[in-house]
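Structure first, then comments.
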Ligand SMILES: N[C@@H](CCC(=O)N[C@@H](CS)C(=O)NCC(=O)O)C(=O)O
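Residue numbers (UniProt numbering): 1 to 235.
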């Protein structure tokens, strides 16, 4: 069995989407980020960066002690290698998948995360930040749109590159992006959205970046989520 430490955010949903696609048994271990459960010592022992997702594989390949992992890209790669799916072994195909996985981890995720933050959570409008991250996210959506012009999936067959990117396109409205501007990306997005595993992954999941549906964060939640320094404050 594999434990998935989870909250319904784009990075958490990446890992859940993998399990659903692979139909690999997993145990969902909810972590309340607004309560600061990510700072509990038990969780930090698994995920020292105090972030979800994290997994504990109690039956790693080759046996031995359970394997604990944090960082969604490392998790996707670990799981893909464990079941020999969603990443080719052949060098060219494998390299393509890895490049796009790292592109998501270092570009799309962090930049879209910033515009999501400034559009949805920032207590006041910060025009410079909104302009900067909206543009950069627009650029990144454009990169993906061009990549998808002549293919169905991001890198060869359906892979962990698609699994990594999809949850980061779901909140496109919160990113200030219109998918009609990116027709290839939109075609891919609609196709991934229709996959049964995607439907299962998102069942009962609220749009994390839909502030109008959510009650506003309390001061305490805001402090836990966005006010951290080296010495964590929890509730
Ligand atoms: N690079 C990390 C980012 C993970 C991340 O940012 N997780 C967020 C939710 S999407 C989190 O756990 N935030 C809680 C916190 O920062 O205290 C990954 O891809 O796993």
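Every residue, glycine too, gets a C-beta built ideally from N, C-alpha and C.
Nearest candidate by alpha-carbon position, reference residue i, set the options
i	options	result
residue 228	39, 109, 18, 3	39
residue 159	94, 111, 61, 118	94
residue 62	81, 51, 52	81
residue 72	115, 33, 15	15
residue 36	174, 22, 52, 23	52
residue 56	66, 50, 216	66
residue 202	99, 2, 7, 3	7
residue 141	171, 119, 24	171
residue 230	49, 177, 90, 124	49
residue 86	139, 161, 124	161
residue 165	10, 89, 30, 178	10
residue 135	4, 221, 178, 84	178
residue 274	144, 194, 118, 83	Limits of the chain in this structure are 1 at one end and 235 at the other, which puts residue 274 out of reach.
residue 255	22, 31, 123, 173	Nothing about residue 255 can be reported from this structure: the residues present for the chain run from 1 to 235 only.
residue 133	117, 124, 123, 79	117
residue 183	195, 157, 149, 123	149
residue 1	122, 97, 60	60
residue 45	25, 24, 69, 22	69
As assigned by DSSP and simplified to three states, the class of residue i
i	result
residue 212	For residue 212, the predicted structure reports a pLDDT of 47, less than 50, and the residue's modelled location is therefore unreliable. A value from the coordinates is still provided. Three-state DSSP puts residue 212 in coil, outside helix and strand.
residue 68	strand
residue 24	coil
residue 45	helix
residue 230	coil
residue 89	coil
residue 155	coil
residue 220	helix
residue 106	helix
residue 61	coil
residue 180	helix
residue 173	coil
residue 35	coil
residue 124	coil
residue 142	helix
residue 113	helix
residue 40	coil
Per-residue burial, residue i [other beta carbons within 10 Å of its own, 16 or more giving buried]
i	result
residue 47	buried
residue 189	buried
residue 12	buried
residue 111	buried
residue 151	exposed
residue 128	exposed
residue 54	buried
residue 101	buried
residue 175	buried
residue 20	buried
residue 147	buried
residue 214	Because the pLDDT at residue 214 is just 49, under 50, the model does not fix this residue reliably, and the value given afterwards should be weighed accordingly. By the neighbour-count rule (16 or more Cβ atoms within 10 Å), residue 214 is not buried but exposed.
residue 28	exposed
residue 192	buried
residue 167	buried
residue 154	buried
Opposing strand residues paired with residue i [DSSP bridges]
i	result
residue 6	30
residue 55	4, 69
Contact with chain D by residue i, beta-carbon distance below 7 Å
i	result
residue 222	The structure shown contains no chain D; it holds only a single protein chain.
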